[in-house]
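Protein chains in written order, with my numbering: chain G, 5 to 298; chain Z, 5 to 298; chain A, 5 to 298; chain P, 5 to 298. Glycine residues also receive a C-beta, built at the ideal position from the N, C-alpha and C atoms. Okay, so here's the structure we're looking at.
Number of protein chains: 4
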Amino acid sequence: MTLILKEMETRQVTINANPQTGPKLVSRDSKPEGTIVEVEGIPIGGKEIVVMAGPCAVETLEQLTETARSVRAGGATILRGGAFKPRTSPYSFQGLGNEGLEMLGKAKAMTGLPVVSEVMDTRQVENVAKYADILQIGSRNMQNFPLLKEAGDCKLPILLKRGMMATIDEYLYAAEYVLSRGNSSVILCERGIRTFETSSRFTLDFNSIPVLKQRTHLPVIVDPSHGSGERWIVPSMAKAAIAAGADGLLIEVHYRPEEALCDGSQALYPEDFGMLMADLRKIAEAVGRSIYNR
Amino acid sequence: MTLILKEMETRQVTINANPQTGPKLVSRDSKPEGTIVEVEGIPIGGKEIVVMAGPCAVETLEQLTETARSVRAGGATILRGGAFKPRTSPYSFQGLGNEGLEMLGKAKAMTGLPVVSEVMDTRQVENVAKYADILQIGSRNMQNFPLLKEAGDCKLPILLKRGMMATIDEYLYAAEYVLSRGNSSVILCERGIRTFETSSRFTLDFNSIPVLKQRTHLPVIVDPSHGSGERWIVPSMAKAAIAAGADGLLIEVHYRPEEALCDGSQALYPEDFGMLMADLRKIAEAVGRSIYNR
Amino acid sequence: MTLILKEMETRQVTINANPQTGPKLVSRDSKPEGTIVEVEGIPIGGKEIVVMAGPCAVETLEQLTETARSVRAGGATILRGGAFKPRTSPYSFQGLGNEGLEMLGKAKAMTGLPVVSEVMDTRQVENVAKYADILQIGSRNMQNFPLLKEAGDCKLPILLKRGMMATIDEYLYAAEYVLSRGNSSVILCERGIRTFETSSRFTLDFNSIPVLKQRTHLPVIVDPSHGSGERWIVPSMAKAAIAAGADGLLIEVHYRPEEALCDGSQALYPEDFGMLMADLRKIAEAVGRSIYNR
Amino acid sequence: MTLILKEMETRQVTINANPQTGPKLVSRDSKPEGTIVEVEGIPIGGKEIVVMAGPCAVETLEQLTETARSVRAGGATILRGGAFKPRTSPYSFQGLGNEGLEMLGKAKAMTGLPVVSEVMDTRQVENVAKYADILQIGSRNMQNFPLLKEAGDCKLPILLKRGMMATIDEYLYAAEYVLSRGNSSVILCERGIRTFETSSRFTLDFNSIPVLKQRTHLPVIVDPSHGSGERWIVPSMAKAAIAAGADGLLIEVHYRPEEALCDGSQALYPEDFGMLMADLRKIAEAVGRSIYNR
């Protein structure tokens, strides 16, 4: 064992040590071995790296199923797609809602891929949970505490994205809200933080990967699509995430990015996604892991 | 007229000019004269400056009514107090909920002060609206779009706090969500943004006051309590806000700050609040305005 | 005495308490009464507020002297003007150098106003010190430690601007570099920090005014011109600075802003400067102070 | 060729297009093929990745030579070590100065490793250039324009670190200062930017790697030691940097980190550096490159 590893083992975990209010359940102190979240038999957080891919938003059945087929062919094992979309402007496309959920159900039936989809409102949880295999809580809702409580009362795994302005401590507290209600299947996701830099949409905080892995037993994945905002940046960030120790990736792919109703500039073309997956397999091997294959 | 003022009149408003999705209803282009939001006869956004004060959270009937009496005596015209509290840790005091709302009703009856109180969940809107005269949407919910839509469907004035991570553009879009549903009684509130500086809890962005006043017709107030996080910083920031052109203040006062269950370090003592009000009257006069008096 | 004041007196000053390396000489612990820096008989840091004004850069003798006369007429007591200019691009106007210094000397002779001018390089200190009454160290050089040491070896007062990326602690350490070499005439200047917000050029951190006043005995002034980047924002920020407790202002004025070779968009017209000074006198009076008058 | 690559080729480079002041010489538009900076026969910016390692500061001849031997044994090809140290506090160890430069000369003679060392002051350039093979300009001096001009007049390669608060545009302009004086041997170095997150010392901006590679022809390396501030984070960030496309690494190693006079917490133990190099070779291979070997 190296000196660094020895040091890490004995190092004091520095998250808020207030014995009354500090996070307990998410802490690696409380559970030294890593948590593996199982989604329809797919283990997230183990030696194998899980790639989730699909469109930002569900737009049409054709768009969704064509994209789903292509990401499955490329090697993704979970399908992403939003039916309820948080949009900065009230005049932007707000998602297809329940109709979009039904399309996700059909895409799952056609491809066999489990589905991750976002929930924005406590009143949507029940409905989204009928169609999705993982409930996503987005960056803007990371401190929507009533929603976190509903997620904690739910039986499905939760993909909890880091708030764009959340510290690591606040992020762990948000996860603690879910665990404290009895749901310990939480997947963390670094998706970029807001900084002064504007040449990319957000700044991916890669330091957060080892920091989170040290402080918590929960799996940590990375969203290089939102984290960069431009498709030509995505491949290098996806590779870097695996090299840095991430347990998975959440990647936006669209069968026709130029026609996307939402975030088209950050969606990969299916062809590029396939090539990226080949590269990711090499990086995974270089760090002693592999990409999960169905 | 000075050259600056001439320039401002002809200056292009720079918020997202996308004709499809850009904010329309909040823009000063669409309504050059300032909006005055009326709360039980109190005009917010006019020549008179309105001071809202009270505890961070409703804790007990005594705490609330004693504090309410003292801020009324000091010159506040609206009472603040949270029954539903967004807390970083699930193990911190979460607010008294509906019981707290009832206490707010009693405090209003005793003091005659209208009430502003926070709503965190679409499911709480109906209940909070029974007791509060202004619904507050907090910093962490500034982009909780389902909640903004509910606020827009509601008949009460909305106090919409700036997200700690929100740009001015995003803030105006959030207000546009409310206005686009038919509710044009929105009060904006600068409460500090998150930056690298840690000597204060947040960084009050005072530039935002003239910037907001130029871009939108909505009233703009300032919360120096959350914006600094420490009571000894609050008075100078309250004075600066009035000097910079704010239409009002939201100030935390607690009859016994050292016993507060939430944010006690930023609550003023009633004695200090009274002295601050005397100072604020002088600053208001210096900028050609006055503090609204019941 | 109010409870806040009592609390401040007993409050632990929180700057780095490392007994070996922590700042000592700048600390209010080491010198409870405020320092007054005297510049040709003008006291900076006392009850009277000192306004420094003039162009960003010295461009021509006419531009400088016309602007100097107008700011003197408006009530400024110190003239600013850069002969050596830090510019982002190597292809932008870099300042007139020694020729500019001579022009500053002439403008001082004509108006009687003492001069503050920037020094960017250890090799310039000797020359700038021949013409300027205050040496300015700019934001980008706040941690140019060799320059700070030269400034400490110099006999002139130093106007040390806060780095756009500097914490309060780092800022105080930078001042400590100067004091530790024997020069205790240091004026601090909040000029905006870099944040995610882009609607203004920088974010003025007004919390820093009371925080600095509490931690150090040195005078604190504000530069609303760089702090906002737009002339129409400057007046409200100048007023807010006085209300918040600043000891002075550094304001850019240009006799023809539209022709300025540097930062024209943030320079006031002389007419507007005069009107602002009238407003500042009212604010100063409202906080129990006055504007220093020659 | 993939669709992404086609898109990148035709994409407009978005750095300041002002034809008068925009950066020209650093732009990939002006020189599509990547620049290779040669340091004593070692090519930086080509297919091979160059690892520079050594102590933060030169402390003693033993410390330097022991560390130099160990990083050479581990596979580093360039030795780092500061003789002039920018320190936040005037009371911290400021470096050995010229004596330290002489030790660097001895360490180079003993190990054959070329040396990179920091220059903080225009007056130091001549002396540092006698001993160093690469002049480093640190983060705090990225906009020390007189120093950039001196570096441009110098014949040695320049390692220009990104300012902790500098945008990519400002960074490219800083490099343009050097190139515009005739020195085109500039190596860029991402070393972390300042953000609100405090769990690591800085936030490494990995998006900057592809962004810089697209905008400029200059080589780009990463400093994971300053970018994280903690040695246990360094290995994963070093691997991520190679996966993201960096051309090299700058890593702090100390033969006895716990005794270091500067930044000991981020220095690797020699043993860990050797293990990291083995891992880096695998990552380099996975991205079709290799680690440069003497």
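For the stretch 269 to 294 of chain A, the residues whose beta carbon sits under 8 Å from a beta carbon of chain Z are, in order, 272, 273, 275, 276, 279, 283, 286, 287, 289, 290, 291. Within the stretch 166 to 182 of chain G, contact with chain P at the beta-carbon level (separation under 7 Å) is assigned to 169, 171, 172. Think of a sphere of 8 Å around the beta carbon of residue 146 of chain A: no beta carbon from chain Z falls inside it, the nearest being about 14 Å out. If you check the CB distance, residue 176 of chain Z and residue 41 of chain Z do not come in under 9 Å. The bridge partners DSSP lists for residue 209 of chain A are Z/209. When secondary structure is reduced to three states using DSSP, residue 274 of chain P falls in the helix class. Rounded to the nearest whole angstrom, the CA to CA distance from residue 99 of chain A to residue 86 of chain A is 7 Å. Contact with chain Z is absent for residue 209 of chain G, since none of that chain's Cβ atoms lies less than 9 Å from the residue's Cβ. Residue 237 of chain G is positioned such that its CB atom lies closer than 9 Å to that of residue 215 of chain P. Annotated three-state conformation of residue 63 of chain G is coil, per DSSP. Taking a Cβ-Cβ threshold of 9 Å, the residues of chain G close to residue 198 of chain A are 200, in chain order. In the DSSP secondary-structure assignment, residue 140 of chain Z is bridged to Z/122, Z/163.
Shown here, residue 291 of chain A sits in coil according to DSSP, grouped into three states, outside any helix or strand. If you draw a straight line from the Cα of residue 43 of chain G to the Cα of residue 136 of chain G, it is about 11 Å long. Secondary structure note for residue 172 of chain Z: its alpha helix (DSSP H) is the uninterrupted segment 172 to 183. Taking residue 229 of chain P as reference, the option from P/129, P/200, P/208, P/275 with the minimal CA-CA separation is P/208.
Across the stretch 48 to 80 of chain A, no CB contact with chain Z closer than 9 Å is found for any residue. Taken through DSSP and simplified to helix, strand or coil, residue 224 of chain P comes out as strand.
In this structure, the straight-line span from the alpha carbon of residue 180 of chain G to that of residue 271 of chain Z is close to 28 Å. Of the residues Z/281, Z/88, Z/284, Z/260, the one whose Cα lies closest to the Cα of residue 273 of chain Z is Z/260. Taking a Cβ-Cβ cut-off of 8 Å, the neighbours of residue 215 of chain A in chain Z comprise 203, 204, 237, given in sequence order. Restricting attention to Z/161, Z/84, Z/118, the CA atom closest to the CA of residue 298 of chain Z is found in Z/118.
Below the 7 Å Cβ cutoff, chain P contributes 213, 214, 248, 249 as neighbours of residue 240 of chain G, in chain order.
Secondary structure at residue 263 of chain G: helix, using DSSP grouped into helix, strand and coil. Residue environment for residue 227 of chain Z: buried (at least 16 other C-beta atoms within 10 angstroms of its C-beta). At least one CB atom of chain A sits nearer than 9 Å to the CB of residue 95 of chain P. The three-state secondary structure of residue 169 of chain G, taken from DSSP, is coil. Going by DSSP, residue 201 of chain G is part of no alpha helix (DSSP H) at all; its letter is neither H nor E. No Cβ of chain Z is located within less than 9 Å of the beta carbon of residue 153 of chain A. Interface annotation, residue 91 of chain A: in contact with chain P, CB-CB separation under 9 Å.
Scanning the stretch 36 to 95 of chain Z from its first residue to its last, the whole beta strand (DSSP E) runs of 3-plus residues come out as 41 to 43, 46 to 48, 52 to 58, 82 to 84. In summary, the residues of the stretch 21 to 35 of chain Z whose CB is separated from some CB of chain G by less than 9 Å are 22, 24, 25, 26, 27, 28, in the order they occur in the chain. Each of P/221, P/188, P/79, P/146 was checked against the Cα of residue 168 of chain P, and the nearest Cα belongs to P/146.
Relative to residue 187 of chain A, the option among A/129, A/193, A/157, A/204 whose CA is nearest is A/157. Sorting A/51, A/160, A/38, A/25 by C-alpha distance to the C-alpha of residue 295 of chain A places A/51 at the top.
DSSP places residue 116 of chain G in the coil class of the three-state scheme, outside both helix and strand.
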